[in-house]
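**Student:** I have a structure I would like to understand better, so I am pasting it below and will then ask my questions one at a time.
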Amino acid sequence: MGEEDRTPLSSFIRKTLAQSLSLQLLEETTSQLQNQPHFSTACSFNTNEPPRVFKTPKTNFTRNSGFSSLGSVEEISSCCWNCKTRRPFLICESCGSVQPVDHSVDYFRIFGLDRRFDIEDGSLEGMYKNWQKKLHPDLVHTKSKEEREYAAEQSARVIDAYTTLRKPLSRAIYLMRLEGVEVDEEQTVSEPELLGEIMEIREAVDEATDSQALNKIQSQMEEKLRHWCNSFANAFGSKSFDEALKSIQRMTYYHRVNEEIVKKL
Amino acid sequence: MSEEVGYTVASDSDTTREETSPEIAIGIDIGTCQCSLAVWNGSQVDLIRNTRNQKLMKSYVTFRNESPSPVGGVSNQLSHEYEMLSGASIFNMKRLIGRLDTDPIVSQASKTLPFLIQTLGVGVKPFIAALVNNMWRSTTPEEVVAIYLVEMKALAEARLKRPVRDVVLTVPAAFSRLQLTRIARSCAMAGLHVLRLMPEPAAVALLYAQQQLPKNMGDSGSERVGLIFNMGAGYCDVAIIATAGGVSQMKALAGSSIGGEDLLQNMMHWLVPEMDSLFSGRGLDEIKSMGILRVATQDAIHKLSFQPTVEIDIDLGNGTKICRVVNVEEFEEINKGVFEKCGSLIQQCLHDSKVANVDYIDDVILVGGCTNIPKLKNIVTGICNKSEVYSGINPMEAAVRGAALEGALASGVNDSFGSLDLLTIQVNAHRLGIRADGNGFVPIIDRNTTLPARREMVFTTAHENQTEALIVVYEEGDDEKLLLLGYFKVVGIPAAPRGVPEISVCMDIDASNMLRVMAGVVMPGSGTRNPVVPLMEVRMPTADDGHGLCAEALSRSFGSTLDLVTLHNKL
Numbered sequence: 000m001g002e003e004d005r006t007p008l009s010s011f012i013r014k015t016l017a018q019s020l021s022l023q024l025l026e027e028t029t030s031q032l033q034n035q036p037h038f039s040t041a042c043s044f045n046t047n048e049p050p051r052v053f054k055t056p057k058t059n060f061t062r063n064s065g066f067s068s069l070g071s072v073e074e075i076s077s078c079c080w081n082c083k084t085r086r087p088f089l090i091c092e093s094c095g096s097v098q099p100v101d102h103s104v105d106y107f108r109i110f111g112l113d114r115r116f117d118i119e120d121g122s123l124e125g126m127y128k129n130w131q132k133k134l135h136p137d138l139v140h141t142k143s144k145e146e147r148e149y150a151a152e153q154s155a156r157v158i159d160a161y162t163t164l165r166k167p168l169s170r171a172i173y174l175m176r177l178e179g180v181e182v183d184e185e186q187t188v189s190e191p192e193l194l195g196e197i198m199e200i201r202e203a204v205d206e207a208t209d210s211q212a213l214n215k216i217q218s219q220m221e222e223k224l225r226h227w228c229n230s231f232a233n234a235f236g237s238k239s240f241d242e243a244l245k246s247i248q249r250m251t252y253y254h255r256v257n258e259e260i261v262k263k264l
Numbered sequence: 000m001s002e003e004v005g006y007t008v009a010s011d012s013d014t015t016r017e018e019t020s021p022e023i024a025i026g027i028d029i030g031t032c033q034c035s036l037a038v039w040n041g042s043q044v045d046l047i048r049n050t051r052n053q054k055l056m057k058s059y060v061t062f063r064n065e066s067p068s069p070v071g072g073v074s075n076q077l078s079h080e081y082e083m084l085s086g087a088s089i090f091n092m093k094r095l096i097g098r099l100d101t102d103p104i105v106s107q108a109s110k111t112l113p114f115l116i117q118t119l120g121v122g123v124k125p126f127i128a129a130l131v132n133n134m135w136r137s138t139t140p141e142e143v144v145a146i147y148l149v150e151m152k153a154l155a156e157a158r159l160k161r162p163v164r165d166v167v168l169t170v171p172a173a174f175s176r177l178q179l180t181r182i183a184r185s186c187a188m189a190g191l192h193v194l195r196l197m198p199e200p201a202a203v204a205l206l207y208a209q210q211q212l213p214k215n216m217g218d219s220g221s222e223r224v225g226l227i228f229n230m231g232a233g234y235c236d237v238a239i240i241a242t243a244g245g246v247s248q249m250k251a252l253a254g255s256s257i258g259g260e261d262l263l264q265n266m267m268h269w270l271v272p273e274m275d276s277l278f279s280g281r282g283l284d285e286i287k288s289m290g291i292l293r294v295a296t297q298d299a300i301h302k303l304s305f306q307p308t309v310e311i312d313i314d315l316g317n318g319t320k321i322c323r324v325v326n327v328e329e330f331e332e333i334n335k336g337v338f339e340k341c342g343s344l345i346q347q348c349l350h351d352s353k354v355a356n357v358d359y360i361d362d363v364i365l366v367g368g369c370t371n372i373p374k375l376k377n378i379v380t381g382i383c384n385k386s387e388v389y390s391g392i393n394p395m396e397a398a399v400r401g402a403a404l405e406g407a408l409a410s411g412v413n414d415s416f417g418s419l420d421l422l423t424i425q426v427n428a429h430r431l432g433i434r435a436d437g438n439g440f441v442p443i444i445d446r447n448t449t450l451p452a453r454r455e456m457v458f459t460t461a462h463e464n465q466t467e468a469l470i471v472v473y474e475e476g477d478d479e480k481l482l483l484l485g486y487f488k489v490v491g492i493p494a495a496p497r498g499v500p501e502i503s504v505c506m507d508i509d510a511s512n513m514l515r516v517m518a519g520v521v522m523p524g525s526g527t528r529n530p531v532v533p534l535m536e537v538r539m540p541t542a543d544d545g546h547g548l549c550a551e552a553l554s555r556s557f558g559s560t561l562d563l564v565t566l567h568n569k570l
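Printed below as a string of structure tokens:
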């Protein structure tokens, strides 16, 4: 589903990385402020340093204490580490260097799409392959170790983006998350009508003996899925998130029924 | 597999790499029956021929007393096929490598192959030996493959006039991670450095992507969906790929350990139903009889691909004479089970690929020796609703050609005409997970997950104040059989009611197909989401020989005391 980056362990791993990055930056900045006299010397010492030290503050910042003010947070997120071109994307447009993952770039932006539920069929596939051609770990053997690591992360993120946006349900959940609304997929149903309906469908699936009966239920489910996709799109468009959540809950259930049918078929 | 680990060459600058032109890795297809070698020559892929001008070389190694000893099918010339069946030659190694003596493939092989395979049926490595001067001399599948690879390496070095170290090998999709480590071990023994162990369909997909490259650069071309069906002597693979602009995205991959060897064994048993007991003594006469039966059956199966009936007339020398006519219908009936399995593998793959229906498949790509069999061809084209198969590739060379392309890509070769502008985005063929919820298997990475992949699941304790948990990692193989990859304990879980501690288990497969399992403990309600003990990171597999016994020993020693329970139960 591509939701890994919010689950505890992975998020912890990423969080610690992010924390250590910002903490160290903070420390560096303060130490720079305290050691003003060293500033210029340090700066001239470091002019020959390759610019790539910016992206690995963990290893390099501590070694080069008193590093110049070039290493501000601002600079890291908005400049290519290699050629300093402003606002690089996953790859710098002017020098072709792979950039570190910038989590402020959302999945829709990766594919050049607006944050909308309705996306055209086939609008992801081509772009996905183009990105992979530039980022896939199999194709960056000649780049530096750091850049290969960026490429691995970027490539994995493009895969996540692709799998998340491709399926309507995960796309809907992701859109809500971008709006700051977390969807609890495990949430139990409280509405009696929906509960009743689910029970009924479950029974029908259990009792279905031949593939014909199952196929019939499946096409009903697909019809319902289409309906609730539309209602999600409308609700989300008009920013009525409660309605949108309701649609997602129904999509989740019908989707699960579908999976059960597929297992039985 | 072992990408660059231990090979941190002194230069950390990239410039030295560009100055010397990179060694182009060669592609190797180790087949159950035949092997081949290929390399990118700067503008295209060349197959390397041996001294007898063969591109496809028989897979076997003969052990003997005089030197040089032993010799393999790369350099050796058989005077007759019986020579390979004298007990002195070991073959079918690809079927046997990395398997336990409880595996039905091994026990069937022990009954039908002329050399010695002893199985105790307890979950250890089988004992394998070749007959040298009337004495059984022990060896291992890894050793035999390594001897063969040494010959291949020497051949490649002689032809290319340079040292050869880097290789890309193709492997069946059905190969378990234990089998992959055994093959990697053979390569290491032969002095080869493996850049990639590539599923055969992934290699074929690369070749297909190259052939589909648009004529004009910049034109991305339209997407074509292909079904690859690959069946050789030992294994069968199916993959669905979507290809555009040189990039093949695998939609689904499935594999099984069925192949021509099964057709052969079934047919031999049909001809001589009592063969298992007849040959169980494994004396010189029995070995000779087995050889005669094998050669005649092989020949008959081959002929049945081109003619409706075949006559088998052999004397097994122990009073058993076989004289009968077999027709295609009988052959198909005898092997009904194999053909059904092929069909269901294709169906499963189609289903997993989420290709809405078979009309979306543009090309049916057949690879491997078995696809000459009309029945198999009909099964594949029938399911895909196609009247013809893709004619652009040679079924016997597709895998090794793809491996050579990957070799060039992995060596960082650029082609100015763009014909190496290629990529196969792979998926994993096996489910990976851990033991939890009683003695159950809980998958964490599903099959057909795009690689590289990272997935995580949260578990919790099964007992009150449980302070340790045992993480037992499994891979799911053929017919949902579980294979133990390794195990480790998570310790230092704070005492708490059961169900409270959150034990996160994360599985990560990187681009070189390395599997790592990570685990950490988080206590909810403690105000911090930070792990309470250092995280564990374990490279898999850690289990190896005798792991079948190991799984039982683990459950005997620990029972359910260190169990885990899935925390977020899906409905």
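Going down the list, the protein sequences come from chains B and H. So in numbering that gives the first Met the number 0, the last spot in the first sequence is 264, and the numbers never skip. So in numbering that gives the first Met the number 0, the last spot in the second sequence is 570, and the numbers never skip. Cβ atoms here follow ideal geometry from the backbone N, Cα and C, with glycine treated the same way.
Starting from the Cα of H:Ile502, find the closest Cα among H:Gly485, H:Pro523, H:Met513 and give me that residue.
**Tutor:** H:Pro523
**Student:** Per DSSP, what kind of secondary structure is B:Ser71 in: helix, strand or coil?
**Tutor:** The pLDDT assigned to B:Ser71 is 38, lower than 50, so where the model puts this residue is not dependable, and the model offers no usable value.
**Student:** Taking 6 Å as the limit between beta carbons, can you name the residues of its chain near H:Val246, skipping five residues before and five after?
**Tutor:** Leu422
**Student:** Got a sec: is the Cβ-Cβ distance from H:Gly498 to anything in chain B below 8 Å?
**Tutor:** no
**Student:** Take H:Pro496 and list the residues in its own chain whose beta-carbon comes closer than 7 Å to its own, dropping the five residues that flank it on each side.
**Tutor:** Glu463
**Student:** Please report how far the alpha carbon of B:Asn81 lies from the alpha carbon of B:Cys94, in whole angstroms.
**Tutor:** 8 Å
**Student:** Expressed to the nearest angstrom, what Euclidean distance is found between the alpha-carbon atoms of H:Ile311 and H:Thr296?
**Tutor:** When only Cα atoms are considered, H:Ile311 and H:Thr296 end up about 8 Å apart.
**Student:** Using CA coordinates, which residue listed in H:Ala241, H:Leu112, H:Ser106 is at the minimum distance from B:Gly121?
**Tutor:** Out of H:Ala241, H:Leu112, H:Ser106, H:Ala241 has the C-alpha closest to the C-alpha of B:Gly121.
**Student:** In chain order, what residues of the same chain lie with their CB nearer than 6 Å to the CB of B:Ser68, ignoring the 5 residues before and after it?
**Tutor:** Since pLDDT at B:Ser68 reaches only 32, below the 50 mark, its modelled position is unreliable, and the value read off the structure follows with that caveat. Excluding sequence neighbours, B:Ser68 sits near nothing in its chain.
**Student:** Using only the alpha-carbon positions, how far apart do H:Gly244 and H:Pro113 sit?
**Tutor:** 49 Å
**Student:** What is the DSSP secondary structure of H:Val166, counted as helix, strand or coil?
**Tutor:** Three-state result, H:Val166: strand.
**Student:** Keeping to the same chain, check which residues put their C-beta closer than 6 Å to that of H:Phe228; ignore five residues upstream and five downstream.
**Tutor:** Val237, Leu365, Val379
**Student:** Whole angstroms are fine: how far does the CA of H:Arg48 sit from the CA of H:Ala157?
**Tutor:** Between H:Ala157 and H:Arg48, the C-alpha separation is close to 11 Å.
**Student:** Determine the closest residue to B:Leu174 out of B:Lys142, B:Arg114, B:Glu146, B:Gln211, with distance taken between C-alpha atoms.
**Tutor:** B:Arg114
**Student:** Going by the DSSP bridge assignment, what does H:Met517 pair with across the sheet?
**Tutor:** H:Cys505, H:Glu536
**Student:** Taking Cβ-Cβ distances shorter than 9 Å, what residues in chain B pair up with H:Ala494?
**Tutor:** The contacting residues do not exist; H:Ala494 stays about 20 Å from chain B at best.
**Student:** Determine the contact status of H:Arg136 and H:Phe62, defining contact as a CB-CB distance below 8 Å.
**Tutor:** yes
**Student:** Do H:Met197 and H:Val73 have their C-beta atoms within less than 8 Å of each other?
**Tutor:** Contact: no.
**Student:** Could you pull the start and end residues of the alpha helix (DSSP H) that B:Gly125 belongs to?
**Tutor:** 124-134
**Student:** Just checking my contact of H:Ala468 with H:Leu561 at CB under 8 Å: how many whole Å lie between their CB atoms?
**Tutor:** 5 Å
**Student:** Along the chain, where does the alpha helix (DSSP H) containing H:Phe174 start, and where does it finish?
**Tutor:** Element bounds for H:Phe174: n/a, residue is neither H nor E.
**Student:** Should H:Pro451 be flagged as near chain B, meaning a C-beta pair shorter than 8 Å?
**Tutor:** So, interface residue.
**Student:** Using a C-beta cutoff of 8 Å, does B:Glu73 count as contacting chain H?
**Tutor:** Legend: pLDDT at B:Glu73 = 39, less than 50; position of this residue unreliable, no value from coordinates given.
**Student:** So the beta strand (DSSP E) H:Pro373 belongs to, where does it begin and stop?
**Tutor:** No beta strand (DSSP E) holds H:Pro373; the alpha helix (DSSP H) holding it covers 373-383.
**Student:** DSSP three-state call for H:Met456: helix, strand or coil?
**Tutor:** strand
**Student:** Can you give the beta carbon distance from H:Ser577 to H:Ile286, rounded, assuming they're within the 8 Å contact cut?
**Tutor:** The first residue shown for chain H is 0 and the last is 570, placing residue 577 of chain H beyond what the model contains.
**Student:** Tell me which residues share the same chain as H:Ile636 and place their Cβ nearer than 8 Å to its Cβ, disregarding the 5 neighbours each side in the sequence.
**Tutor:** This structure leaves residue 636 of chain H out entirely; chain H is present only between 0 and 570.
**Student:** Output, in sequence order along the chain, the residues in the segment 127-146 of chain B whose CB is closer than 8 Å to any CB in chain A.
**Tutor:** In the structure shown, chain A does not exist; the protein chains are B and H.
**Student:** Beta-carbon of B:Glu92 versus every beta-carbon of chain H: anything under 8 Å?
**Tutor:** No - not a single Cβ of chain H is within 8 Å of the one on B:Glu92.
**Student:** From the beta carbon of B:Glu124, is the nearest beta carbon of chain H less than 8 Å away?
**Tutor:** yes
**Student:** Kindly indicate which three-state DSSP category H:Leu563 falls into: helix, strand or coil?
**Tutor:** Strand.
**Student:** In three-state DSSP terms, what is B:Ser169?
**Tutor:** Helix at B:Ser169.
**Student:** Residue range of the alpha helix (DSSP H) that B:Lys83 falls in?
**Tutor:** It is not in any alpha helix (DSSP H) - B:Lys83 carries neither H nor E in the DSSP assignment.
**Student:** Is H:Gln33 helix, strand or coil when you go by DSSP?
**Tutor:** In this structure, H:Gln33 counts as strand in the three-state DSSP scheme.
**Student:** Got a sec: is the Cβ-Cβ distance from B:Ala155 to anything in chain H below 8 Å?
**Tutor:** yes
**Student:** If we require 4 or more residues per run, which alpha helix (DSSP H) segments fall completely within the segment 57-126 of chain H?
**Tutor:** 80-83, 92-95, 103-111
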